[in-house]
Each structure stands twice: as C-alpha cells, then as structure tokens.
Amino acid sequence: MIRTTSILLCSFLSATQASAAPCEIFEHTNFSGPSIAVERNQSLPRLGALNDRVSSIKVGSQCLVVAFADEEYRGGTTTFGPGEYPTLPEGWDDQISSLHCNCR
Numbered sequence: 002m003i004r005t006t007s008i009l010l011c012s013f014l015s016a017t018q019a020s021a022a023p024c025e026i027f028e029h030t031n032f033s034g035p036s037i038a039v040e041r042n043q044s045l046p047r048l049g050a051l052n053d054r055v056s057s058i059k060v061g062s063q064c065l066v067v068a069f070a071d072e073e074y075r076g077g078t079t080t081f082g083p084g085e086y087p088t089l090p091e092g093w094d095d096q097i098s099s100l101h102c103n104c105r
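Throughout, my numbering is defined as the position within the sequence shown, counted from one, plus 1.
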C-alpha cells in the first residue's frame, strides 16, 4: 500500500511540474478557459486564438511578461511582474496581441 501511494504521489508531482511554464496566459478571468504556456525567454509575435482575448496571466518568479496591444510587438505596452493576475488592469482585458516572457 505504501509503495503504491508513493508511486501515485510521484506521478502526480511529475505531471504537475511538467505542465508548469514560467508564464501562462488564459482566455478567461481566474485562470480559466483555453491557455497558452509560454517558455522562458519565449516571444509570441501573434497569439492566434487568444488574440485580444487574454483575461488573466501567471508570471513565474524571476520573470516578466511584456505585453503589446498589437501583433509583432507594436502598439501600447505594459509589463507584468512575477505573480498571478486573475484579472487584468483596466485597458488590458481582451487587448493583448503579442508578448515576451523574459526570465533571468
């Protein structure tokens, strides 16, 4: 019984860690709906199905998300520091079209 529990716990922890990206964007508030995991120092010039539909963001420690209002890193910009943003500041909900996930 103990061995089975340990194996299941290890499997669960591995799956949880494997899905955690340093930056992640979500279509809906409170980290729900379709999402895109963004790797360390990855840039997304276009967000595809999430273009102008991002409503919450997670940013890992030692990372920043630099978000742009237009594709190809154009238009207005804002920066999200490490932390969780279950809702976005006024003017940015459903407005992000490209971004950088910059990590140390």
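We put the CB at the ideal spot given by N, CA and C, even for glycine.
Computed from a predicted structure; not experimentally measured.
Residue 76 sits in a strand when the DSSP states are folded into three classes.
Under DSSP, the beta-bridge partners assigned to residue 45 are 100. In its chain, beyond the 5 residues on either side, 28, 95 have a beta carbon closer than 7 Å to the beta carbon of residue 54. Burial of residue 56 is indicated by the presence of at least 16 other C-beta atoms within 10 angstroms of its C-beta. The Cβ neighbour count for residue 99, taken over all protein chains shown within 10 Å, is at least 16; the residue is labelled buried. Ranking 33, 30, 47, 41 by CA distance to the CA of residue 22 puts 41 first. Per the coordinates, the alpha-carbon of residue 103 lies some 16 Å from the alpha-carbon of residue 85. Among the bridge pairs identified by DSSP, residue 36 is matched with 27.
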